[in-house]
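With the working numbering applied, the sequence shown corresponds to residues -1 to 379, in that order. Backbone N, C-alpha and C fix where the C-beta goes; we use that ideal spot for every residue, glycine too. Just so we're clear, the structure is a prediction, and the values are computed from it rather than from any experiment.
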Amino acid sequence: MGKEDKKKIKVAFPHMGNIWIAWAAALRKVGVEPFIPPYTSKKTLSLGTKNSPEAICLPYKLILGNFVEAIEGGADYVAMIASPGCCRLGEYGACINNALADMGYKTNYIELTLYDGIKGLFDFLKKVSGKNDPILFTRAILLAIRKVFLIDDLDRKLSYYRAREIHQGDAEKHYHKCLRIIDAAMNTREMNKAKKLVFEEMAKTEIDKNKEVLYVDITGEIYLVCDRFSNQDIVKELGKMGVETRKSLTVSGFLKDAIIPKIFRKGETHLQRADRMAKPYLMRDIGGDALECVSDVAYANERGIDGIIHISPFTCMPEIMSQNIFPAMRENCDIPILPLIMDEQTGKAGYLTRLEAFVDLMRRRKRKLAVESKKQADAVK
């Protein structure tokens, strides 16, 4: 084997929130160098938009932009998630590969097929590393999965503290320190230590425990729900308004459905709940995250949440279908719903105005319900 063969190849994934921390750890574990492109920005969006079909959705444009920046930065491979079924995600791979070739980029393109489970992850690591070491691959996958779950737990903590923090920005400052701690952990012992450290770090945030806080679930297309650039950092903006958010679609939730074997799962998965709770309104999976979104409205209503926000990319047909089902759910689900459709033309000012109006509506509704509940309690006495 020559020196060129021993050189570590650089593999890049597109950004989607903080998932890069998990996949980078898995690649490092198997001896492959992760290439982390610059986080998604207006430049990324511009690169993707000008080389994409006009009617394609926002995630496609951002992913293409990520790949262009990665290739120009020196990545040897660009890796893409592929999916079966009705969603256009299944066509992203071929389209992006062709687009990169048309733009004159010569790079190695590789796909990681969803719902192939552990076998799919093994096959992917085998291709990029050139190794065939099941024990090493198992350790890499377990490390990545643990990081995904810890990051999602950390995101929930951030939402809790951000909605109650006394000094605006404190929670996010501690959060970024926590991400660095998680990124540095590379084995079981370090991960156990990191889990303890990050929650201790977040607890340093000074909060007002008596503050009136609203509770909102965020659902929609998973990329937009998880990626702060594409959703214009909706969790942060709501946090500033005293709203604690819960993302209904997360990477850890997806792993429970598609990757983690049934014997290791605890409780009902998101997809199982979707099959159970969406049935009165949507009888079958129509692609994307439509089934999950419909069930998320019913689930939020069941739990007495103050409101739910549905975020979707412009032209995403499954999410258009789910939004058209929401009015039919009004008979059984008395919960405020705010649909937000995002594309590269979405302006920040108008977007914030809609959020502020929705928060005001929820706050007035919550106070009204509290008054009515008190009157009923007094009448019983």
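Could you give the residue range of the alpha helix (DSSP H) that holds N95? That run of the alpha helix (DSSP H) goes L87 to D100.
Spatial neighbours of D255 within its chain, please: C-beta separation below 7 Å, excluding the five flanking residues on both sides. Here the set comprises T267, H268 and L269.
Residues near A53 by beta carbon distance below 7 Å, same chain, minus five either side: Counting only Cβ-Cβ distances below 7 Å, and skipping sequence neighbours, we find T313.
Can you give me the Cβ contacts of E109 inside the same chain, cut-off strictly under 7 Å, excluding the 5 residues immediately before and after it? Cβ within range, chain order: M78, A80 and G91.
Going by DSSP in three states, N299 sits in which element: helix, strand or coil? Note: N299 maps to helix in three-state DSSP.
Does the Cβ of R388 have 16 or more other Cβ atoms within 10 Å, making it buried, or fewer, making it exposed? For the chain, the structure presents residues -1 to 379; residue 388 sits outside this window and is missing.
Considering only DSSP beta bridges, list what N106 is partnered with. Y75, per the DSSP bridge assignment.
Own chain, CB closer than 7 Å to T203, minus 5 neighbours either side, in chain order: Spatial neighbours of T203 in its own chain (CB-CB distance under 7 Å, excluding positions within 5 residues in sequence) are listed in chain order as Y159, E163, D168, A169 and H172.
Answer yes or no: do D242 and Y213 have a C-beta to C-beta separation smaller than 9 Å? Checking the sequence shown, residue 242 turns out to be Glu, not Asp. In contact: E242 and Y213 (Cβ atoms closer than 9 Å).
What alpha helix (DSSP H) runs, 4 residues minimum, are completely inside the region 212 to 256? Runs found: 220 to 224, 232 to 238 and 249 to 256.
Taking only the alpha-carbon atoms, compute the straight-line gap between H13 and D225 and give it to the nearest angstrom. Rounded to whole angstroms, H13 to D225 spans 8 Å at the Cα level.
With distance defined between alpha-carbon atoms, name the residue in K364, G240, E198 and Y221 nearest to K207. It is G240 whose Cα lies nearest to the Cα of K207.
Close-in-space but distant-in-sequence residues of the same chain around M360 (CB under 7 Å, 5 per side omitted): Cβ within range, chain order: L212, D304, G305 and P334.
In chain order, what residues of the same chain have a beta carbon less than 7 Å from the beta carbon of I179, not counting five sequence neighbours either side? Within the same chain, A192, L195 and V196 come within 7 Å of I179 by CB-CB distance, once the 5 residues on both sides are set aside.
So, I257 versus I149, is the Cβ gap smaller than 9 Å? Between I257 and I149, the gap from beta carbon to beta carbon reaches 9 Å or more.
Rank K373, G285 and A23 by C-alpha distance to the C-alpha of I400 and give the top, closest one. Look at the range of the chain in this structure, -1 to 379, and you will see that residue 400 is not part of it.
Going by DSSP, what residue range makes up the alpha helix (DSSP H) through M340? Under the DSSP assignment, M340 falls outside any alpha helix (DSSP H), being part of the beta strand (DSSP E) whose first and last residues are I335 to M340.
Neighbourhood of N436 by C-beta distance below 6 Å, restricted to the same chain and skipping five residues each side: Here the chain has residues from -1 to 379 only, and residue 436 is not among them.
Using only CA atoms, which one of P51, K124, T42 and G251 lies nearest to F147? The alpha carbon of F147 has as its nearest neighbour, out of P51, K124, T42 and G251, the alpha carbon of G251.
Tell me whether the beta-carbon of A20 lies closer than 9 Å to the beta-carbon of I143. The answer is yes: Cβ separation under 9 Å.
Starting from the C-beta of L279, find all residues in its chain whose C-beta is less than 7 Å away, skip the five residues before and the five after it, and write them out in chain order. It is worth fixing the name first, because residue 279 is Tyr in this sequence and not Leu. Excluding five sequence positions before and after Y279, the CB atoms of its chain that fall closer than 7 Å to its own CB belong to V292, I323, A326 and M327, given in chain order.
Quick one: give me the first and last residue of the alpha helix (DSSP H) that K8 is part of. No alpha helix (DSSP H) holds K8; the beta strand (DSSP E) holding it covers K8 to A10.
M101: which of S246, I216, A10 and E70 sits nearest, CA to CA? Of the candidates S246, I216, A10 and E70, the one whose C-alpha sits nearest the C-alpha of M101 is E70.
Using three-state DSSP, classify E163 as helix, strand or coil. The DSSP-derived three-state label of E163 is strand.
Below 9 Å between beta carbons: does that hold for V223 and K245? The beta carbons of V223 and K245 sit closer together than 9 Å.
Could you check the C-alpha separation between D3 and N64 for me, to the nearest Å? Only weak support exists for where D3 lies, its pLDDT of 48 falling under 50; the value from the coordinates is given anyway. Rounded to whole angstroms, D3 to N64 spans 27 Å at the Cα level.
Who are T111's beta bridge partners in DSSP? Answer is A80, bridged to T111.
When DSSP labels each residue in this structure, what does S50 get in the three-state scheme? DSSP places S50 in coil when its eight states are reduced to three.
Excluding the 5 residues flanking Y37 on each side, which residues of the same chain have their C-beta closer than 8 Å to its C-beta? Answer for Y37: H13 and F227, listed in chain order.
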